[in-house]
Amino acid sequence: MTTVGYGDKAPKSGFGKIAALVLMFTGLLFISGLTASIASSLTVTQLNSDPDSFNEFKERKVGSVKNTGTTGFLKAHFFKDIHLYDNVTEGLIDLKDNKIEAFMYDEPILKYRIQQDSTLGRLNILPVKFDVQFYAFGLAKDQTVLEQAISQRILEIMETNEWQVLLSEYGLTEI
Numbered sequence: 001m002t003t004v005g006y007g008d009k010a011p012k013s014g015f016g017k018i019a020a021l022v023l024m025f026t027g028l029l030f031i032s033g034l035t036a037s038i039a040s041s042l043t044v045t046q047l048n049s050d051p052d053s054f055n056e057f058k059e060r061k062v063g064s065v066k067n068t069g070t071t072g073f074l075k076a077h078f079f080k081d082i083h084l085y086d087n088v089t090e091g092l093i094d095l096k097d098n099k100i101e102a103f104m105y106d107e108p109i110l111k112y113r114i115q116q117d118s119t120l121g122r123l124n125i126l127p128v129k130f131d132v133q134f135y136a137f138g139l140a141k142d143q144t145v146l147e148q149a150i151s152q153r154i155l156e157i158m159e160t161n162e163w164q165v166l167l168s169e170y171g172l173t174e175i
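UniProt numbering puts the first residue of the sequence shown at 1, with every later residue one more than the last.
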């Protein structure tokens, strides 16, 4: 037990010593929790894709694949210097060679290409998301049996080890 700042005054009874011990640990936990919450909020704030960091790219040289939804999004949101490529690999090579400042495309495909090509290893994917798209199966309303079968099969696949291998192959964790 410490008596820093109090000289040699310390609890003498058993109850006093236990109370002092409880107060010390409570204070320690309180300060630890406060520090953790401050650190967490600062980290989350830095990871958020705020509009200023996104808008900053509008003035920079950015690349994407020709005739894709990403290209349409960039044009619709007034990106000024868009470089178009026939495929993802060409764009990533230009990014690596500093011919463009950013390459924008589907995250899983970018992660996969970077993972597969050792020359692209120094490239990073920023945690900035835009124009998030979801995909679905379209079925006729009277196809409930088929809908149930597809849903069941998807769930079965997601519970296998192969699903985890597939996710890691594309640099994903969970959907």
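Glycine included, each C-beta is placed from N, C-alpha and C at the ideal position.
If I measure Cβ to Cβ from residue i and keep anything under 7 Å in the same chain, skipping five residues before and after, which residues do I get?
| i | result |
| --- | --- |
| residue 194 | Since the first residue shown for the chain is 1 and the last is 175, residue 194 is missing from the structure and cannot be characterised. |
Please classify residue i: does DSSP put it in a helix, a strand, or coil?
| i | result |
| --- | --- |
| residue 176 | In this structure the chain extends from 1 to 175, so residue 176 is not present and cannot be described. |
| A102 | strand |
| V22 | helix |
| N55 | helix |
| I157 | helix |
| F134 | coil |
| K96 | helix |
Looking at the unbroken alpha helix (DSSP H) that takes in residue i, where does it start and where does it end?
| i | result |
| --- | --- |
| P108 | 107-116 |
| Q143 | Counting along the chain, Q143 falls outside any alpha helix (DSSP H), and DSSP gives it neither H nor E. |
| S168 | 161-169 |
Pick out whichever of the options has its Cα sitting closest to the Cα of residue i.
| i | options | result |
| --- | --- | --- |
| R60 | A36, Q152, N98, Y135 | N98 |
| N55 | G14, Y105, L74, I100 | L74 |
| G69 | S37, D106, D142 | D106 |
| F130 | M24, L23, T71, I31 | T71 |
| I109 | V65, A39, M24 | V65 |
| Y112 | V165, D142, L139 | V165 |
| Y170 | I18, Q115, Q143, S13 | Q115 |
So, at 8 Å on beta carbons, what are the nonlocal neighbours of residue i in its own chain, with the 5 sequence-adjacent residues on each side left out?
| i | result |
| --- | --- |
| G63 | I82, H83, L84, Y85, G91, D94, L95, I100, A102, F103, M104 |
| K58 | H77, F78, F79, K80 |
Output needed for residue i: all residues of its chain with C-beta closer than 6 Å, excluding positions within five of it in sequence on either side, in chain order.
| i | result |
| --- | --- |
| G138 | none |
| L21 | none |
Regarding residue i and the ligand SAM, is the C-beta to nearest heavy atom distance less than 8 Å?
| i | result |
| --- | --- |
| D106 | Absent from the structure shown: the ligand SAM. Ligands present: none. |
Runs of 3 residues minimum, wholly inside the stretch 59-94: which ones carry the beta strand (DSSP E) assignment?
61-65, 81-85
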